[in-house]
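Participant: FYI, my numbering numbers position 79 of the sequence shown as 79, with every residue one higher than the one before it.
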Amino acid sequence: MINNDVLRRVRYIFDFNDAKMIDIFAQADYPATVSQLHNWLRKEDDPAFVEITDIQFSLFLNGLINTNRGKREGVEAPVERRLNNNIIFMKLKIALNMQAEAVLEAMDLSGFKISKHELSALFRKPENRQYRTCNDQILRNFLKGLQLKIRGDS
Numbered sequence: 001m002i003n004n005d006v007l008r009r010v011r012y013i014f015d016f017n018d019a020k021m022i023d024i025f026a027q028a029d030y031p032a033t034v035s036q037l038h039n040w041l042r043k044e045d046d047p048a049f050v051e052i053t054d055i056q057f058s059l060f061l062n063g064l065i066n067t068n069r070g071k072r073e074g075v076e077a078p079v080e081r082r083l084n085n086n087i088i089f090m091k092l093k094i095a096l097n098m099q100a101e102a103v104l105e106a107m108d109l110s111g112f113k114i115s116k117h118e119l120s121a122l123f124r125k126p127e128n129r130q131y132r133t134c135n136d137q138i139l140r141n142f143l144k145g146l147q148l149k150i151r152g153d154s
């Protein structure tokens, strides 16, 4: 999925305003501006659309983790130079402090069935032989399930 699309969906799901979004970036020590934010949130066909980089989006996700769970003592979470759906999914799961059962419940709400074993394979290290790549459909259904759980059927 495109990072901007996930950013828009997270903003909608949690009903974050501009100030809250800027604060989330600040939690990861990134000085995002309101104009930057607005350009990232635009649709792809808008001439003012700017694609958020993997590093910037990784900082947003780290900021979301820091906002929801507090900053970790000692070493900060790594800022990934390259993001993929597996990393995005993992960071969202950590930020929301969700256990496997809660993730499966959100997936069920979206009408997407996945087993606990399939889910755990998404969160393994790529070197592990049980590792599975998280495709767009899985991440999209997780976000849809979160939306239904948090915002209702709107």
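The beta carbon of each residue, even a glycine, is placed where N, CA and C say it ideally should be.
Among the residues of its own chain, which have a CB less than 7 Å from the CB of R124, if the five just before and after it don't count?
Facilitator: As a first step, residue 124 must be located in the sequence shown, where it is residue number 124. Cβ neighbours of R124 beyond the five flanking positions: Q130, Y131.
Participant: DSSP three-state label for T67, please.
Facilitator: If you number the sequence shown from 1, residue 67 lands on position 67. Helix at T67.
Participant: Report all residues from its chain with a CB closer than 7 Å to the CB of S58; omit the five preceding and five following residues, and keep chain order.
Facilitator: For this step, residue 58 is matched to residue 58 along the sequence shown. If we look at S58 and ignore the five residues flanking it on each side, its Cβ neighbours are V79, E80, L83.
Participant: How about F25 and A19: are their beta carbons less than 8 Å apart?
Facilitator: Taking the sequence shown and counting its residues from 1, one reaches residue 25 at position 25. Taking the sequence shown and counting its residues from 1, one reaches residue 19 at position 19. Contact: no.
Participant: With DSSP collapsed to three states, give me the class of M21.
Facilitator: Within the sequence shown, numbered from 1, the residue matching residue 21 stands at position 21. Three-state result, M21: helix.
Participant: Once DSSP output is grouped into helix, strand and coil, what is the label at V34?
Facilitator: As a first step, residue 34 must be located in the sequence shown, where it is residue number 34. Helix at V34.
Participant: Would DSSP call G145 helix, strand or coil?
Facilitator: Taking the sequence shown and counting its residues from 1, one reaches residue 145 at position 145. Of the three classes helix, strand and coil, the one that applies to G145 here is helix, per DSSP.
Participant: Closer than 7 Å: is that where the CB of E76 sits relative to any heavy atom of the ligand SAH?
Facilitator: Because no ligand of any kind appears in the structure shown, any question about the ligand SAH cannot be addressed here.
Participant: CA-CA distance, V50 and L7?
Facilitator: To locate residue 50, count along the sequence shown from 1; it is residue 50. To locate residue 7, count along the sequence shown from 1; it is residue 7. C-alpha separation (whole angstroms): 12 Å.
Participant: In whole angstroms, give me the CA-to-CA distance for N68 and F14.
Facilitator: Numbered from 1 along the sequence shown, position 68 holds the residue referred to as residue 68. Numbered from 1 along the sequence shown, position 14 holds the residue referred to as residue 14. Using only the alpha carbons, I get a separation of about 12 Å.
Participant: Compute the distance between the beta-carbons of A106 and L41, then report whether it is under 8 Å.
Facilitator: Counted from its first residue, the sequence shown places residue 106 at position 106. Counted from its first residue, the sequence shown places residue 41 at position 41. No, Cβ-Cβ distance for A106 and L41 is not below 8 Å.
Participant: Would you please state the rounded distance, in angstroms, between the beta carbons of L156 and A95? I believe it to be under 8 Å.
Facilitator: Examination of residue 156 is not possible in this model, given that the chain is present from 1 through 154 alone.
Participant: Please tell me whether L139 and I88 are closer than 8 Å, where the distance is taken between their beta carbons.
Facilitator: Walking along the sequence shown from the start, residue 139 turns up at place 139. Walking along the sequence shown from the start, residue 88 turns up at place 88. Yes.
Participant: In its own chain, which residues sit with a C-beta less than 7 Å from the C-beta of N62, not counting the 5 before and 5 after it?
Facilitator: Position 62 of the sequence shown, counted from the start, is the residue given in the question as residue 62. A28, A77, V79, listed in sequence order.
Participant: Expressed to the nearest angstrom, what Euclidean distance is found between the alpha-carbon atoms of S35 and N86?
Facilitator: Along the sequence shown, one-based indexing puts residue 35 at 35. Along the sequence shown, one-based indexing puts residue 86 at 86. Looking at the two C-alpha atoms, the distance is approximately 29 Å.
Participant: Just verifying my parser: in three-state terms, what is the DSSP assignment at L122?
Facilitator: Here residue 122 refers to the residue found at position 122 of the sequence shown. Helix.
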